[in-house]
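Chains as they are written, first to last, in our numbering: chain A, 22 to 270; chain B, 22 to 270.
We treat Cβ as the ideally placed atom computed from N, Cα and C, and that holds for glycine.
2 protein chains.
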Amino acid sequence: MNTSSKQSPNINPHVSVDCVIFGFDDDKLKVLLIEQAHPNKETHRLALPGDLVFENEGLDEAAARVLNELTRLKGIFLRQFHAFGNPDRVSNDKDKEWLETYRTDPNARVITIAYFSLVKMEEYNPGTGSFAAASNWVDIHDVPELAFDHNQILDKALEALREEINHNRIGLDLLPKKFTLSQLQRLYEVILDRPLDKRNFRKSIKKMHHIKALDERQTGVNHKPAQLYKFVQVKKIALNFSLLHLFQE
Amino acid sequence: MNTSSKQSPNINPHVSVDCVIFGFDDDKLKVLLIEQAHPNKETHRLALPGDLVFENEGLDEAAARVLNELTRLKGIFLRQFHAFGNPDRVSNDKDKEWLETYRTDPNARVITIAYFSLVKMEEYNPGTGSFAAASNWVDIHDVPELAFDHNQILDKALEALREEINHNRIGLDLLPKKFTLSQLQRLYEVILDRPLDKRNFRKSIKKMHHIKALDERQTGVNHKPAQLYKFVQVKKIALNFSLLHLFQE
Numbered sequence: 022m023n024t025s026s027k028q029s030p031n032i033n034p035h036v037s038v039d040c041v042i043f044g045f046d047d048d049k050l051k052v053l054l055i056e057q058a059h060p061n062k063e064t065h066r067l068a069l070p071g072d073l074v075f076e077n078e079g080l081d082e083a084a085a086r087v088l089n090e091l092t093r094l095k096g097i098f099l100r101q102f103h104a105f106g107n108p109d110r111v112s113n114d115k116d117k118e119w120l121e122t123y124r125t126d127p128n129a130r131v132i133t134i135a136y137f138s139l140v141k142m143e144e145y146n147p148g149t150g151s152f153a154a155a156s157n158w159v160d161i162h163d164v165p166e167l168a169f170d171h172n173q174i175l176d177k178a179l180e181a182l183r184e185e186i187n188h189n190r191i192g193l194d195l196l197p198k199k200f201t202l203s204q205l206q207r208l209y210e211v212i213l214d215r216p217l218d219k220r221n222f223r224k225s226i227k228k229m230h231h232i233k234a235l236d237e238r239q240t241g242v243n244h245k246p247a248q249l250y251k252f253v254q255v256k257k258i259a260l261n262f263s264l265l266h267l268f269q270e
Numbered sequence: 022m023n024t025s026s027k028q029s030p031n032i033n034p035h036v037s038v039d040c041v042i043f044g045f046d047d048d049k050l051k052v053l054l055i056e057q058a059h060p061n062k063e064t065h066r067l068a069l070p071g072d073l074v075f076e077n078e079g080l081d082e083a084a085a086r087v088l089n090e091l092t093r094l095k096g097i098f099l100r101q102f103h104a105f106g107n108p109d110r111v112s113n114d115k116d117k118e119w120l121e122t123y124r125t126d127p128n129a130r131v132i133t134i135a136y137f138s139l140v141k142m143e144e145y146n147p148g149t150g151s152f153a154a155a156s157n158w159v160d161i162h163d164v165p166e167l168a169f170d171h172n173q174i175l176d177k178a179l180e181a182l183r184e185e186i187n188h189n190r191i192g193l194d195l196l197p198k199k200f201t202l203s204q205l206q207r208l209y210e211v212i213l214d215r216p217l218d219k220r221n222f223r224k225s226i227k228k229m230h231h232i233k234a235l236d237e238r239q240t241g242v243n244h245k246p247a248q249l250y251k252f253v254q255v256k257k258i259a260l261n262f263s264l265l266h267l268f269q270e
């Protein structure tokens with residue numbers, strides 16, 4: 022059985038990992054995409070950073086390694102969210118052509134385990150490596166057709182991300198240590214991709230245990246300085262009922 | 022490349038699916054386990070219903086098929102929750118011995134995609150098929166050492182289930198159409214596996230949009246008849262803040 026690839030003899034040709042790294046930059050939600058280098062083509066296809074796993078590594082380990090090899094990023098907490106296994110997910114002509122360049126077994130059915138993360142964009146400057154000719158943050162509204170089933174993976178990752186924020190599991194490090202409610206609302210709006218009602222939003226925030234009003238206001242602004250807030254550690258919540266349905270459609 | 026198994030020439034030897042079917046029976050949480058038939062052994066190992074996927078089927082499809090082949094159950098909504106891919110997850114001696122009986126490539130690294138579901142136990146009577154010598158509902162407190170990494174898969178499935186109920190995504194069909202708050206509390210307690218404070222529980226329930234008090238009481242009981250409640254359809258919740266932290270540990 023031939024389990025080698027053109028990249029390494031140690032590779033499992035049947036299972037890959039893909040990483041959906043979302044970046045928040047105060048006003049936009051972006052996703053990290055690579056250009057798949059192709060020796061015979063001028064234009065490269067865009068794709069999520071992803072590659073085959075090694076025979077002797079776990080899936081989480083593979084995701085961190087692959088992300089690092091393709092984009093040079095490390096130290097990002099990656100959360101597994103879904104496995105994609107349509108039998109024909111890597112079998113369209115453009116995908117095939119690329120796979121024939123890079124894989125010894127381009128016809129193998131590959132099942133991919135997908136991971137996502139949300140980071141503060143300014144803290145991560147992606148580089149390139151392996152078959153990535155470039156890596157870029159792309160606004161989620163401007164994502165073109167991607168390689169393989171990567172548009173579908175991205176959509177599902179967005180769902181997973183929105184699920185997280187709907188349950189208030191937001192990255193505490195996405196905002197400055199002390200932030201205004203406008204900044205917090207903007208974070209929710211950018212991730213949910215729609216405007217929220219200011220009054221309802223503030224009403225809900227007041228009831229949240231992990232957001233605390235400070236006895237401080239903004240400085241150095243031209244408008245009336247807004248009150249500042251901070252996140253506080255709440256004790257482990259054992260039973261966390263979702264009660265306030267702010268926006269019903 | 023040999024992709025056949027002793028069961029079918031159409032099998033992908035690298036990827037499997039496993040199903041964690043929880044059953045609720047008003048007072049207990051159980052899980053559906055099969056006995057892995059072994060031609061040369063009297064005692065069979067217990068395992069989750071799971072098997073390799075076919076080359077030409079999707080993962081969801083494989084999960085439904087495998088569950089049906091092993092336990093004869095069908096029509097259960099299966100939700101994918103995690104992929105398990107430790108390189109040595111099927112390589113202990115007992116696992117190997119069984120795999121050598123059933124698989125042509127017993128040393129292949131198998132990555133498994135796990136699914137879970139919660140059903141009303143009395144509505145599902147499991148049977149047997151394929152390599153399952155028996156199938157039984159087992160109390161989650163009485164689960165012995167299982168084959169492969171199935172104890173770990175079960176633990177993770179329990180986490181996923183508790184996450185669901187913590188966000189009030191409970192199966193509306195697990196209770197009678199009209200139920201008492203004691204019945205509802207018992208459902209939460211059984212799944213969370215710990216007692217809840219009655220007063221706090223009732224306070225929270227009153228604020229839940231999808232649980233409605235009826236102008237009716239129990240009949241045919243010896244004690245003071247309790248008020249009845251029902252689940253109501255709530256509109257799609259777009260932003261669902263979790264506000265009340267009932268129990269902090």
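*Among A:Leu-205, A:Asp-214, A:Arg-238, A:Pro-216, which has the Cα closest to the Cα of Phe-252 (chain A)?*
A:Leu-205
*Note down, one range per segment and in chain order, each beta strand (DSSP E) of at least 3 residues found wholly within the region 132 to 186 of chain B.*
Taking only runs of at least 3 residues, the beta strand (DSSP E) segments lying wholly in the region 132 to 186 of chain B are 132 to 141, 153 to 160.
*Quick one: does His-244 (chain B) have its CB under 8 Å from some CB of chain A?*
no
*Tell me where the alpha helix (DSSP H) around Arg-86 (chain B) begins and ends.*
80 to 92
*Could you please give the first and the last residue of the uninterrupted beta strand (DSSP E) stretch that includes Gln-248 (chain A)?*
248 to 252
*Please classify Lys-53 (chain B): does DSSP put it in a helix, a strand, or coil?*
The residue asked about is misnamed: residue 53 (chain B) is Leu in this sequence, not Lys. Strand.
_Suppose you measure from the CA of Glu-121 (chain A) to the CA of His-35 (chain B); what does that come to, to the nearest Å?_
Distance between the alpha carbons of Glu-121 (chain A) and His-35 (chain B): 21 Å.
_Count Cβ pairs between the region 187 to 205 of chain A and the region 243 to 251 of chain A that sit closer than 8 Å; are there 3 or more?_
yes
*Just the chain B side, please: which residues come within less than 8 Å of His-59 (chain A) by C-beta, in chain order?*
By Cβ distance, chain B contributes nothing, its closest Cβ being about 26 Å from His-59 (chain A), past 8 Å.
_Start-to-end residues for the beta strand (DSSP E) that takes in Glu-237 (chain A)_ = 232 to 238
*Cβ-Cβ separation, Ala-168 (chain A) to Asp-116 (chain A) (assumed contact under 8 Å), whole Å*: 6 Å
*Cβ neighbours of Ala-155 (chain A) in the same chain (closer than 8 Å, five flanking residues each side left out)*: Result list for Ala-155 (chain A): Ile-55, Glu-56, His-65, Thr-149, in chain order.
_Reference Ile-212 (chain B); option with closest CA among B:Asp-236, B:Gly-79, B:Ile-161, B:Arg-93_ = Nearest of B:Asp-236, B:Gly-79, B:Ile-161, B:Arg-93 to Ile-212 (chain B), Cα basis: B:Ile-161.
_Tell me the DSSP secondary structure of Val-211 (chain A) in three-state form._
helix
_What does the Cβ neighbour count give for His-103 (chain A), buried or exposed, with the cut at 16 atoms within 10 Å?_
Result: buried.
_Contact criterion: CB-CB distance below 8 Å. Does Gln-254 (chain B) meet it with respect to chain A?_
no
*Going by beta carbon distance, what residues of the same chain come within less than 7 Å of Ser-37 (chain A), once the five residues before and after it are set aside?*
Gly-71, Asp-72, Leu-73, Val-74, Val-131, Thr-133
*Just the Cα atoms here: how many angstroms apart are Lys-49 (chain B) and Leu-208 (chain B)?*
9 Å
*How many Å lie between Glu-186 (chain B) and Leu-217 (chain B) at the Cα?*
Looking at the sequence itself, residue 186 (chain B) is Ile, so the reference to Glu does not match. Answer to the nearest angstrom: the Cα atoms are 14 Å apart.
_Neighbourhood of Ser-151 (chain B) by C-beta, 6 Å cutoff - its chain only, sequence neighbours within 5 removed_ = Glu-90, Leu-91
_For the region 120 to 148 of chain A, list every residue whose C-beta sits within 7 Å of some C-beta in chain B, in sequence order._
Arg-130, Ile-132, Ile-134
*asked:* Going by C-alpha to C-alpha distance, which of B:Pro-127, B:Lys-95, B:Leu-94 sits closest to Asp-109 (chain B)?
replied: Of the candidates B:Pro-127, B:Lys-95, B:Leu-94, the one whose C-alpha sits nearest the C-alpha of Asp-109 (chain B) is B:Pro-127.
_Boundaries (first-last residue) of the beta strand (DSSP E) holding Asp-218 (chain B)_ = Looking at the DSSP string, Asp-218 (chain B) is not in any beta strand (DSSP E), and its letter there is neither H nor E.
*Rounded to a whole number of angstroms, what is the C-alpha to C-alpha distance between His-244 (chain B) and Arg-238 (chain B)?*
12 Å
*Give a yes or no on whether the minimum CB-CB distance between Leu-179 (chain A) and chain B is below 8 Å.*
no
*Tell me whether the beta-carbon of Tyr-145 (chain A) lies closer than 8 Å to the beta-carbon of Leu-99 (chain A).*
no
_Gln-173 (chain A) versus Ile-32 (chain B): straight-line alpha-carbon distance, rounded_ = 26 Å
*Report the neighbours of Gln-101 (chain A) on chain B: residues whose CB is nearer than 9 Å to its CB, in chain order.*
Here the neighbours are His-103, Ala-104.
*Proximal residues of chain B, C-beta to C-beta of Leu-80 (chain A) below 7 Å*: Ala-104, Gly-106
_CA-to-CA distance, Leu-175 (chain A) to Asp-114 (chain A), given in whole angstroms_ = 21 Å
*asked:* Rounding to the nearest angstrom, what Cα-Cα distance links Leu-67 (chain B) and Trp-158 (chain B) in this structure?
replied: Their Cα atoms are separated by approximately 11 Å.
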